[in-house]
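Residue numbers (mature numbering (1 follows the signal peptide of the UniProt record, and there is no 0)): -23 to -1, 1 to 311.
In this text, a Cβ means the ideal position worked out from N, Cα and C, and glycines have one as well.
Small disclaimer: the values here were computed from a predicted structure and weren't measured.
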Ligand code: GZL
């Protein structure tokens, strides 16, 4: 992304420096080697972006944070202000209010849950600060509260998981337990919807479903409870790899073989999940690409330049079985 991204950015931003002067921070162009990012522009070419991250709950989130921090650098024309909300909505609202007070140029965030954002987004709008959603969506009637959403289609991810399960196991009377993501989060709501719609009409039956909050620890705890409650579990559908990895620990502690006695399907395709898939402990993984940094940088630049941006940018996802995981693992970026 670096050179091309930087040159395009500088050209666009240099053309708008006069009008955007008030909005941008007075950041000095980086000193030292190499051409300054604002080639031909002025020191105010830096885009000050405030980002509120959900937390650090999973391998996916770590990869997503790395992508954002590795892309929105001073060399690429950004002054990134980053906060970790520890999966609490009140912390995200507080962070967004702080960015408004700092008069950043753009606010971006991944909303931990779908609802409860209109008030703070109204405040950002009143302050004239554009907002970009990444990863998770908000459930708001007022689409003017944000410029764009960049992320995956979670309903499709659930459908891909359900369709594979139906293809593989329909007709065997499979009993399914579901490890849901964070209650109220868009990926949890939509992956459940997609999975249920895909297995409809098959004899797969969801006998229990509970949130593991997208974390390995809670996924293990919930799976331990399922194993105590049910002695006929055939398949685990976990909304992310981390909860699936926790389920593996619980299944092995119960003396059963994950991937054989109890099949496992997860979503994300982070390295630890793909390794478990290649090792035969997971049976299928639907990818959810976390590398959203470059898209965010590009959209932020277009928004500052006053260019038209797409309201919804859906990231392509693929899926892996055990053989595909063995082939893909060596080249995985995350
Ligand atoms: C999905 C993302 C989810 C991941 C989890 O885009 O919001 O949150 O699937 C992460 O691993 O915790």
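For residue j and residue i, believed in contact at Cβ under 8 Å, the rounded distance
i           : j           : result
residue 88  : residue 110 : 7 Å
residue 143 : residue 181 : 6 Å
residue 147 : residue 119 : About 42 Å separates the two Cβ atoms, so there is no contact after all.
residue 270 : residue 48  : 3 Å
residue 40  : residue 61  : Between residue 61 and residue 40 the Cβ distance is about 15 Å, and since that is not below 8 Å, they are no contact.
residue 234 : residue 127 : Not really, about 39 Å apart at Cβ, beyond 8 Å.
residue 200 : residue 242 : With 8 Å as the limit, residue 200 and residue 242 do not qualify as a contact, their Cβ atoms being about 14 Å apart.
residue 163 : residue 131 : 6 Å
residue 258 : residue 236 : 5 Å
residue 137 : residue 253 : That belief does not hold up - the Cβ atoms of residue 137 and residue 253 are roughly 18 Å apart, past 8 Å.
residue 85  : residue 273 : 6 Å
Same chain, Cβ closer than 7 Å to residue i, neighbours up to 5 away in sequence not counted
i           : result
residue 134 : 168, 171, 244, 263, 265, 294
residue 209 : 152
residue 255 : 299, 302, 303, 306
residue 314 : With the chain represented from -23 up to 311, any question about residue 314 goes unanswered, as that position is not in the structure.
residue 249 : 36, 218, 222
residue 68  : 62
residue 309 : 248, 251
residue 112 : 41, 87, 128, 269
Delimiting residues of the alpha helix (DSSP H) encompassing residue i
i           : result
residue 72  : 66 to 78
residue 242 : Taken as a continuous stretch (DSSP letters only), residue 242 belongs to no alpha helix (DSSP H), being part of the beta strand (DSSP E) at 240 to 245.
residue 103 : 95 to 103
residue 255 : 248 to 255
residue 280 : 270 to 281
residue 309 : Here residue 309 belongs to no alpha helix (DSSP H), and DSSP marks it neither H nor E.
residue 46  : 36 to 48
6 Å CB neighbourhood of residue i in its chain, flanking five on each side removed
i           : result
residue 203 : 154, 185
residue 276 : 109, 125, 286
residue 12  : Only weak support exists for where residue 12 lies, its pLDDT of 40 falling under 50; the value from the coordinates is given anyway. No residues qualify anywhere along the chain.
residue 268 : 44
residue 179 : 143, 147
residue -5  : Any reading at residue -5 needs caution, since the residue's pLDDT is 39, under 50, leaving its predicted position unreliable; the model's value is listed next. Taken in chain order, the list of residues that qualify is empty.
Extent of the continuous beta strand (DSSP E) run through residue i
i           : result
residue 30  : 24 to 30
residue 111 : 108 to 111
residue 57  : 55 to 61
residue 84  : 83 to 86
residue 262 : 261 to 264
residue 286 : Note, residue 286: premise wrong, no beta strand (DSSP E); not H, not E.
Closer than 7 Å: residue i CB and nearest the ligand NAD heavy atom
i           : result
residue 262 : Because the ligand NAD does not appear in the structure shown, any question about it cannot be addressed here, the ligands present being the ligand GZL.
Close Cβ partners of residue i (< 8 Å) along its chain, the five nearest in sequence each way excluded
i           : result
residue 58  : 25, 26, 27, 28, 76, 79, 81
residue 207 : 152, 154, 184, 185
residue 230 : 201
residue -16 : Because residue -16 carries a pLDDT of 39, less than 50, the predicted location of this residue cannot be relied on, and the following value inherits that uncertainty. Excluding residues within five positions, the ones whose Cβ falls inside 8 Å are 278.
At least three beta-carbon pairs within less than 8 Å, the stretch 69 to 86 to the stretch 98 to 110: yes
Whole runs of the beta strand (DSSP E) within the stretch 151 to 223, excluding any shorter than 3 residues: 152 to 157, 182 to 188, 212 to 215
Every unbroken beta strand (DSSP E) within the stretch 119 to 147, with a cutoff of 3 residues, ordered by chain: 125 to 128
contact_flag[the stretch 150 to 165, the stretch 210 to 227] where n(CB pairs < 8 Å) is 3 or more: yes
Cβ pair count under 8 Å reaching 3, the stretch 187 to 198 against the stretch 220 to 228: yes
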